[in-house]
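Here's the structure, in structure tokens; my notes come after.
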Amino acid sequence: MIAVDGFAAEVVPTDDVAQHEFDADAPVVAADLLDLDGDGHYETTVRHTDAGITVATDVDGDGVTDKFTAFGRDGHYRSWEIFREANGIGRGEMSESGEL
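The sequence shown: position 25 = 17 (our numbering), numbered continuously.
In structure tokens:
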């Protein structure tokens, strides 16, 4: 599972994606799962929301998000490197920010 406190997406083999029914009255959120390194597992999740776009990536393949980036509709972005403490709690440190 790609996970950061408050954000999670299952890591599944690329050949095991099922179709899902969506509630038409639910807020508009779209998520794309990507296998960027071609290993057969989705390690990156891209979510499109009314506020902008978020990208979560499991860099080391352990099933936990290591890098999280948020892009606002105003062109600003912020990236965090995510670390897990020994007690399992995630901690993020901003690694970069700017404007596109």
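Heads up, the beta-carbon is just placed ideally off N, CA and C, and yes, glycines get one too.
Less than 6 Å between C-beta atoms, sequence neighbours within five positions excluded: which residues of the same chain meet that for residue i?
i   : result
F75 : R83
E91 : G67, H68
T36 : L26, L28, T49
Let me check one thing: in DSSP terms, what residues is residue i bridge-paired to?
i   : result
T46 : R39, A62
L26 : T36
What would DSSP say about residue i, mapped onto helix, strand or coil?
i   : result
E77 : coil
Y34 : coil
Along the chain, where does the beta strand (DSSP E) that runs through residue i open and close?
i   : result
T82 : This sequence places Gly at residue 82; Thr is not what is there. From DSSP, the beta strand (DSSP E) with G82 extends over 82 to 91.
Go through its chain and collect everything with a Cβ distance to residue i's Cβ below 7 Å, but skip five positions before and after it.
i   : result
E88 : S71
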